[in-house]
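Here's the structure, in structure tokens; my notes come after.
2 protein chains.
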Amino acid sequence: MKRYLVTPLVLVFIFIISFALQAQSNKLNLMPVPHKLSVDGGYFKLQKDFSISIKGNPDERLFSYATRVLRRLSNRTGLFFPQDVLTKDNTINNDEFIINCNRPGKIVLGEDESYDLIVSSGKIELNAETDLGAMKGLETLLQLLDIQNGDYVFPNVTINDKPRFPWRGIMIDASRHFEPVEVIKRNLDAMASVKMNVFHWHLSDDQGVRVESKVFPQIQKLCSDGLYYSQEQIKDVIRYAADRGIRVYPEFDIPGHSTAWFVAFPELASAPGPYKIERNWGVFDPTFNPTIEQTYEFFDKLFAEWTKLFPDEYFHIGGDENNGKQWNENKDIQDFMKKNNIKDNHALQAYFNNRILKILTKNNKKMIGWDEILHPQMPTNIVIQSWRGTDALVEAAKKGYMGILSNGYYIDLIQPAEFHYLNDPVPQGSGLNESELKRILGGETTQWGELVTPDNIDSRLWPRAAAIAERFWSPQEVKDVDDMYRRLDVINFRLEELGITNIKNQEMMLRRLTNNLETKPLKTIVDVIEPVKIYTRHSQGVKYQQHSPYSRVVDATQPESNIARWFRKTADKFIQNKDSKAADELKACLSNWKENHEKLLKLINASPILKEIEPLSANLANISETGLEAISLILSSKKADENWLTKNSSILEEAKKPYGQTEIMITSAIEKLINAVR
Amino acid sequence: MKRYLVTPLVLVFIFIISFALQAQSNKLNLMPVPHKLSVDGGYFKLQKDFSISIKGNPDERLFSYATRVLRRLSNRTGLFFPQDVLTKDNTINNDEFIINCNRPGKIVLGEDESYDLIVSSGKIELNAETDLGAMKGLETLLQLLDIQNGDYVFPNVTINDKPRFPWRGIMIDASRHFEPVEVIKRNLDAMASVKMNVFHWHLSDDQGVRVESKVFPQIQKLCSDGLYYSQEQIKDVIRYAADRGIRVYPEFDIPGHSTAWFVAFPELASAPGPYKIERNWGVFDPTFNPTIEQTYEFFDKLFAEWTKLFPDEYFHIGGDENNGKQWNENKDIQDFMKKNNIKDNHALQAYFNNRILKILTKNNKKMIGWDEILHPQMPTNIVIQSWRGTDALVEAAKKGYMGILSNGYYIDLIQPAEFHYLNDPVPQGSGLNESELKRILGGETTQWGELVTPDNIDSRLWPRAAAIAERFWSPQEVKDVDDMYRRLDVINFRLEELGITNIKNQEMMLRRLTNNLETKPLKTIVDVIEPVKIYTRHSQGVKYQQHSPYSRVVDATQPESNIARWFRKTADKFIQNKDSKAADELKACLSNWKENHEKLLKLINASPILKEIEPLSANLANISETGLEAISLILSSKKADENWLTKNSSILEEAKKPYGQTEIMITSAIEKLINAVR
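Protein chains in written order, with the working numbering: chain A, 1 to 678; chain B, 1 to 678.
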């Protein structure tokens, strides 16, 4: 009997958690938190005659946005609203929901994105200088939707909102694994819903150049495996982003990270070819030759074409991780350096960057690049994207350079939302004066592409990117981690309506992993493990390549285990105060994990792809037993004997080992429980 | 206690069913069933050094196909295969898996699609005249993948395969609701996996014209709400389809079903404008004016452009459901008919068709249209697509016309897979001679777009379209319905790897419907109900329009309830033989449904969109109680008294009523149980 008792208990328990999350209607679920907010306890009731009236002087973009908002509301509520496609020509007059908007915003850095939203019992008013502000206000309104007494309602609020930083971005690496247009579009929708406004498109690297050129068609033919964006697709994405208030700028990573180019243009490399598209991950030698005029003639022609394709004023040239090997080994390059008094590779790269800068300037672009482009020879109108950290950023700001922070926002490294959330672009005690502070424009989270495919890229980005979006938008003092996690769960669910796949594709991947058998035992373990962190996935005996399967258990895990986070907090609480409710909850979880192993074994036997996590599952069962015994000891105020401690410490050490590049996330809590009975 | 007991019992039970499905390795899961097949009981073991060697003279298309097959195998198994992108240039020599292919196939009606596949313990050989045949063989191989003793294996088989009909299609209506390119592409992948070879793209109707024209840009500007396919996208889809052995041809439905055109070209309609894009569903009056030369000048220019865009030799002009009202009411048209001795509207439409035929012929196209285009004036090289039925098709074949069947394959009407599966393009006793029989080219299933969106279109098409694919491919005598359903479940799961969303999007929709609370009680009822059938959804007090919410419970149901089908069969068995195992299984289900109502009520109170199915849920609980009581009576060989019968018959009648345009699918079984105790 016990087998059946435990599972529903846990289920019921999780059910209660969910209910609690939703039912806290006194706590709003806004993310990012607005600049200023007040509530009055009343409600605006949403009914089937609801309609939107747009006044002022926006262009069609806002009408389209409002149409989509109406469809999203309709899909959530099942209400049949009368308005079909809103346009300037069919605008209606009603007093129920009025959007006042003075002008279309420019899709440029620093445009006005502020808005005021006033919901009262009979009326909603949204006022904004630009449609970019109005879009932000519409997303806030959608986040306000709640349920009261069987009705859909918006709580009465007065919101005055504006962003803290003007540059709030996501970088997606579409080179290492290609990401089709629909992946980009759904992520643009998700970005807009949390008020992000910059999409940095990493379009070339050793593993592929992903943009069509009409001038050099060899690029798409030879450097991309046929996986590239046509110019029409790029224009479509840029228009789609602009319709959502998002800037798009490209990155072409040069002079390093450039193997794929040389499949078509071996003569531009710093060592003789031929070259093949790189299939491995890492930092590689191939680098553009900065000492021959051909290189600049090539970029002069190519960037004349591609700077027109991307209308944003910024253009990213990468510049990172040039290991200099090809330069060191090429006698002509060494001679060139001597002849021109170029003292080292960094200076040679600055020479290269300066030549590229001239090409960009001629084409009306400003340069942005990674920390490495910073060099005394570079002018101060470039923007530094810092992967190195806030120190580098502060130093750059003092030297007069503008910068954005990406260190601490490397979301592909599978760190907790909390870590990213508390990472501020402006460090405490930076010592920057007001004009230097303004040079810190914001930040970008980076989704490098080695370990993701269209199937699971969303799960690496979301929901954690929403916590980063809040860091970039909300006042600096907003940093209640528990409340952030509470809201993150709601946002995560809401992102599904925009096509974000992290929840549904996990279920799909689990079905595949179990060969379509019952997925619950697998879900039980997957929910309490995480992929190994930072770069360790590459150092555990598995050689990942571009064409490896990214469909194993590690790829189906979420980056952050909610249940493990809850378990760790509850264990702390229990150890402190021996609370019996906490003990019951912990025991229910532990019993479930303990008994899961036997059920999972059946699945493993039926689906060999699961074999690699068999030791992990056994270890989870073992430490769960340890945890149960420790809790009993604590409850009866007993200490463990030496034998028990020796045995269980060794069980714990074993359970800390990763398998299949995943690790159990409750070992620290079990360790604390062991220490509490020591 | 009872509450917790019942649920796991049902779960365990379903678990056993799934296991049984997968474990029958003596029964293959091929769909469609091949022309000839033998097995020898041995296995080819799939290991991580597996590679593919392609010989003969195919073009790059087959290398790309094989690359995708390798990735699908790798994703299923987690095996790290060495081959990255297969090309003609990097072909390897191995003896393990050899594909012999003589030539690239032409993407035309009647091309050779046959193949032989021989799997033996150390070797796989796939032989085909064309790459189209080789592609079919690769899909067969993927369907053969199985598990034996912890290894992935292919069972040894000898297969000689070829299609019964050369025209095996799906029509998707992208006019009533626009379907983005990624929806089309994933459905092309699904089609290829079940050996379908024709995609009929319904691109214009009253609610939108969906193709970019460079000659008449007003079309995309005014007739599409901005939702249209660019010419580049169309070329991309056609190339994508060809890479999978699939022909693509367009349908522009004229002279009726044409409201959207007249937003841009009111002068071509048979009544004065202005016109708006139609937002409602049905048959509407607007019709091209066949009596003015402007109409033909327009199509002459437009089709000169669009016939080049679509390289297939066929071009569909619709022709259906012209209600003739605008013609009857237009004096000029009536005068024209009198003057030219055109006796009725059908003859006038034939005149129109003949004029259009001349334009198509000039552009090297053959005409295809719905039954209505059949008229003595039309030449016999046109193809008739029959929505009326096999009688019409047989009649057409006798008159010398080629035809394809769509009657009985209207998959949007939510009929059971069995119904479509047993519907044969060539009816028993058709009386057709051999050359007439050859005129019946095959068939197409039609997915009309009124009630689907990109979120749930896949669930309407799949998995049932796979049963239709088998009807078109496999020998006529293959018609074991139970075995079809057994294999359909496996295919349904496998289609997920191609991006088909019917399983995962149902889960997403249930989350949305419950406002992210526990979805299980909702799933329990959704699993045993179906949308109302045929066209009744439009006649139940709900006025559906293009912009209505298609996110309600009815939209989240599957077209065919597996558990209800199982329940009906098991109830029949139990009534016949009073089998106690069947009784236990039925009782477990009924208890679960009975107790579900209380749990669902909590969700309904927390999510108003669910309110409409409250009576349905109460009725399910009530008839479940009825069923439980009837089973008890049967087991104790008692009959029910009059009171019981009166009361429960009335409960049953109430439960037959649809709510929210859905209906409970076990009422017929409950009725049989009641009758058994009468």
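The beta carbon of each residue, even a glycine, is placed where N, CA and C say it ideally should be.
Taking 8 Å as the upper bound on Cβ-Cβ separation, chain A lies near no residue of the region 393–417 of chain B.
Within the same chain, Cβ atoms closer than 7 Å to the Cβ of A:GLN377 are found at ALA350 and ASN354, the five residues on either side in sequence being excluded. The beta carbon of A:LEU603 does not come within 8 Å of any beta carbon belonging to chain B, so the residue lies off that interface. Listed in chain order, the non-local C-beta contacts of A:GLU372 below 6 Å within the same chain comprise GLY319 and ASP320, local neighbours out to five positions each way being set aside. Residues are counted here when their Cβ sits less than 9 Å from a Cβ of chain A; for the region 210–226 of chain B these are ASP225 and GLY226, given in chain order.
Buried is the label assigned to A:ASP205, since at least 16 other Cβ atoms lie within 10 Å of its Cβ. B:LEU348 and B:PRO290 do touch by the CB rule: their CB atoms are close to 6 Å apart, below 8 Å. Residue state for B:GLN558 is assigned as coil, using DSSP reduced to three classes.
Minimum Cα-Cα distance from B:ALA618 among the listed residues B:PRO608, B:ILE609, B:LYS599 and B:LEU633 corresponds to B:LYS599. Straight-line spacing of the CA atoms in A:THR67 and A:ASP412 works out to 34 Å. For B:ARG239, the number of other beta carbons within 10 angstroms of its own is below 16, and it is reported as exposed.
Sixteen is the threshold: since fewer than 16 other Cβ atoms of the shown chains lie within 10 Å of the Cβ of B:ASP59, the residue is exposed. Using a Cβ-Cβ cut-off of 8 Å, A:GLN546 is close to ASP84 of chain B, given in chain order. Judged by DSSP in its simplified three-state form, B:PHE298 adopts helix. A:GLU179 places its beta carbon less than 8 Å from that of A:ILE172.
Restricting attention to beta strand (DSSP E) runs no shorter than 3 residues, the region 625–668 of chain B encloses them at 662–664, ordered along the chain. Chain B has a Cβ within less than 8 Å of the Cβ of A:ALA606.
For A:TRP593, same chain residues with a beta-carbon under 6 Å away, outside a window of 5 residues either side, are LEU620 and SER624 in chain order.
At a cut-off of 8 Å between C-beta atoms, B:THR77 counts as an interface residue with respect to chain A.
Selection A:GLY660, A:ILE604, A:LEU610 and A:GLU595 evaluated against A:LEU628 yields A:GLU595 as nearest (Cα-Cα). DSSP, reduced to helix, strand and coil, places B:SER38 within a strand of the structure shown.
Contact annotation: the region 42–49 of chain A touches the region 113–127 of chain A, with at least three C-beta pairs closer than 8 Å. Inter-residue distance for B:PHE472 and B:ILE634 is about 44 Å (C-alpha atoms, whole angstroms). The beta carbons of A:ARG168 and A:GLY442 sit closer together than 8 Å.
In the three-state reduction of the DSSP assignment, A:SER230 falls in the coil class. The residue among B:ALA606, B:ILE414 and B:ARG244 with its C-alpha nearest the C-alpha of B:ARG537 is B:ILE414. Distance from the CA of B:ARG486 to the CA of B:LEU144, rounded to the nearest whole angstrom, comes to 15 Å. Taking 8 Å as the cut-off, the Cβ atoms of A:ARG244 and A:LEU302 do not count as close.
The Cβ-Cβ distance between A:GLU251 and A:HIS177 does not fall below 8 Å. The Cβ of B:ASN505 sits closer than 8 Å to at least one Cβ of chain A. B:ASN456 is outside the set of residues whose beta carbon lies under 8 Å from a beta carbon in chain A. Among the bridge pairs identified by DSSP, B:ASN619 is matched with none.
DSSP, read as helix, strand or coil, puts A:VAL198 in strand.
Close CB contacts of A:ARG568 within its chain, under the 6 Å cut and outside five residues either way in sequence, are with ALA669 (chain order). For B:ILE609, the chain A residues whose Cβ falls inside 8 Å of its Cβ are ARG76, THR77 and GLY78, in order along the chain. Here B:ILE491 really is in contact with B:ALA466; their C-beta atoms are around 5 Å apart, less than 8 Å.
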